[in-house]
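Just so you know, we're using the numbering used here here: the sequence shown kicks off at 318 and counts up by one.
Note that beta-carbon positions come from the ideal geometry of N, C-alpha and C, so glycine has one too.
Since the model is a prediction, treat every value here as computed from it, not as a measurement.
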Amino acid sequence: MSVAGLRRAASESVSGLPREFWWLWTSTLVNRLGAFVATFMALYLTLDQGYSASYAGLVASLHGLGGVVSSLGAGVMADRLGRRPTMLIAQSSTAASVALLGFMRDPAAIAAVAFLVGMASNASRPAVQAMMADIVRPEDRVRAFSLNYWAVNLGFAVSSVAAGLIAQHSYLAGFLGEAAMTLFCAVLVFLKVPESRPERAKATPEKPAAAEAVLGTVLRDGRFMSVVALSFVVSLIFQQGYVGLPVAMGRDGFSSADFGMAIAVNGFLIVVLQIPVTRFLQRRDPRRLLIISSVLAGYGFGLTAFAGSIAVYILTICVWTLAEIVNAPTQTGLVVRLSPVHGRGRYQGMYTMSWSVAALVAPLMSGFVIDRFGAEWLWGACAVLGTAAGLGYWLLMRGLSESEPEPKPEPEPKSLAGPESAARTDAAGFR
Numbered sequence: 318m319s320v321a322g323l324r325r326a327a328s329e330s331v332s333g334l335p336r337e338f339w340w341l342w343t344s345t346l347v348n349r350l351g352a353f354v355a356t357f358m359a360l361y362l363t364l365d366q367g368y369s370a371s372y373a374g375l376v377a378s379l380h381g382l383g384g385v386v387s388s389l390g391a392g393v394m395a396d397r398l399g400r401r402p403t404m405l406i407a408q409s410s411t412a413a414s415v416a417l418l419g420f421m422r423d424p425a426a427i428a429a430v431a432f433l434v435g436m437a438s439n440a441s442r443p444a445v446q447a448m449m450a451d452i453v454r455p456e457d458r459v460r461a462f463s464l465n466y467w468a469v470n471l472g473f474a475v476s477s478v479a480a481g482l483i484a485q486h487s488y489l490a491g492f493l494g495e496a497a498m499t500l501f502c503a504v505l506v507f508l509k510v511p512e513s514r515p516e517r518a519k520a521t522p523e524k525p526a527a528a529e530a531v532l533g534t535v536l537r538d539g540r541f542m543s544v545v546a547l548s549f550v551v552s553l554i555f556q557q558g559y560v561g562l563p564v565a566m567g568r569d570g571f572s573s574a575d576f577g578m579a580i581a582v583n584g585f586l587i588v589v590l591q592i593p594v595t596r597f598l599q600r601r602d603p604r605r606l607l608i609i610s611s612v613l614a615g616y617g618f619g620l621t622a623f624a625g626s627i628a629v630y631i632l633t634i635c636v637w638t639l640a641e642i643v644n645a646p647t648q649t650g651l652v653v654r655l656s657p658v659h660g661r662g663r664y665q666g667m668y669t670m671s672w673s674v675a676a677l678v679a680p681l682m683s684g685f686v687i688d689r690f691g692a693e694w695l696w697g698a699c700a701v702l703g704t705a706a707g708l709g710y711w712l713l714m715r716g717l718s719e720s721e722p723e724p725k726p727e728p729e730p731k732s733l734a735g736p737e738s739a740a741r742t743d744a745a746g747f748r
């Protein structure tokens, strides 16, 4: 492609999105530039503090449990309190708890604060995803989610290398650096990001108000909950890049800097390929994309069983990164399409919980399997899970059309949102 063609493609990829999206995008980028805890916790506990892989897995699981606890609550907050207040509370709490974690030395204290970090850091995700769905037109959402995912990984690619070098000298500096960057994100949201929660149209005798999409509504939505279950399986695979892989590399004699350099390839590839691949994805059947990406993720990690050098580790990371590039925006776009306008926070909270539960289970799984059987069995299990997820998507998607029109929402007052989409809203259940 010529330079002019590249410029035109880049312009088409970023044009037409609202200003509020770009402030939210900037906040995401800054947040990921400061990422440290989730990436280097396993190495910090095993190499710096001298704990076992099982204990590191336990702490990482408690971090994930915190995310499970906060996911649904944060989704309800995003719908009731608002997207912006939820993000401010979550980011401020994350900054404080991450800084505190850096000073903890007692095993029980480390575990307890890691749980708090997991709660706080995960609480902003439903609000961010719901806000993006609010402010971006339906036809632009896959592109917007891809750009946001691109920002996540641009920050991750930079921070992985920098944090790996920082960790060789001071893990505490890494904790404090993440706390400072997260606090800056909260300030940015406070100053630049307005509230986007759609207001309900007032009920009239001709048109009564629609039933609220409460948690019971979400749980009774069988198609959506099937997507959540499959998301959990896929996430369980991807989580091994941050819990199983660093432990396995550490046992093979590689340093934190080696892991930082290897895992940075994941972010680098996403930065380079996410936007052009997204242009390709917009013209492809999402059903096939989800099936292919699930199987590719499983066998990408399965290849890690044959890794014995940094070059081979990087090669396997390249394989499962391609799966991640395809899966992330495709699945997020599907979740938004299945979510009613006034229940987006709750639906996104349930979807986020699938990743949080995986973050809880994956460290326990990797620690147990590596300690008892060896890392090769872990990578074999990933291949099996990827195959199962691909089969699950095939079964789920057989009865769905390739492109279902989005139902029109109830009329709303003019807001940031623009055109909206809504799925069905069932009778109210528990909140």
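The region 586–605 makes no contact with the region 384–395: fewer than 3 CB pairs, one atom from each, lie closer than 8 Å. Rounded to the nearest whole angstrom, the C-alpha separation of A352 and P603 is 30 Å. When DSSP states are grouped into helix, strand and coil, R661 belongs to the helix group. When DSSP assignments are scanned along the region 382–469, no uninterrupted stretch of beta strand (DSSP E) that is 3 or more residues long falls wholly within it. For S656, there is no enclosing alpha helix (DSSP H), as DSSP gives it neither H nor E.
In this structure, the alpha-carbon of N644 lies about 17 Å from that of S673.
Excluding the 5 residues flanking it on each side, M542 has same chain C-beta neighbours closer than 7 Å at L536, in chain order.
Taking C-beta separations shorter than 7 Å and ignoring five residues to either side along the sequence, the partners of T704 in its chain run V612, G615, following chain order. Of the residues F357, S441, W342, the one whose Cα lies closest to the Cα of R663 is S441. Rounded to the nearest whole angstrom, the CA to CA distance from Q408 to Y559 is 22 Å.
Annotation: L379 to R458 spans about 33 Å, alpha carbon to alpha carbon. When DSSP states are grouped into helix, strand and coil, S344 belongs to the helix group. In the three-state scheme derived from DSSP, where H, G and I count as helix and E and B as strand, S573 is classed as helix. For the 8 Å CB-CB criterion, A675 and Q485 do not form a contact. The beta-carbon separation of A461 and L590, rounded to 17 Å, does not stay under the 8 Å limit for a contact.
In the three-state scheme derived from DSSP, where H, G and I count as helix and E and B as strand, S611 is classed as helix. When the beta-carbon positions are compared, G481 and M566 stay at least 8 Å from each other. The criterion of a C-beta distance shorter than 8 Å is not satisfied by L398 and S414. The beta carbon of P443 sits closer than 6 Å to those of A391, G392, A395, G662, Q665, G666, T669, all from its chain and outside the five residues before and after it, given in chain order. Residues of the same chain with a CB within less than 6 Å of the CB of A474, apart from the 5 flanking positions on each side, are A581, G584, F585, V588 in chain order.
Judged by DSSP in its simplified three-state form, F507 adopts helix.
Cβ contact annotation for V347 (same chain, cutoff 8 Å, sequence separation greater than five): G472, M498, F501, C502, L505, in chain order.
Between the alpha carbons of L489 and R601 lies a gap of roughly 46 Å. The shortest CA-to-CA distance from R605 to any of S476, A706, F420, T534 is the one to A706. Here E456 is exposed, its C-beta having fewer than 16 other C-beta atoms within 10 Å. A contact is defined here as three or more CB-CB pairs under 8 Å, and the region 357–366 fails this definition with respect to the region 631–651.
For the pair L702 and S683, the CB atoms are not nearer than the 8 Å cut-off. Taken in chain order, the complete alpha helix (DSSP H) segments of 4 residues or longer contained in the region 684–720 are 692–714. Around the beta carbon of S332, fewer than 16 other beta carbons sit within 10 angstroms, so the residue counts as exposed.
Around A624, the same chain offers Y630, T633 as residues with beta carbons nearer than 7 Å, after the five sequence neighbours per side are excluded.
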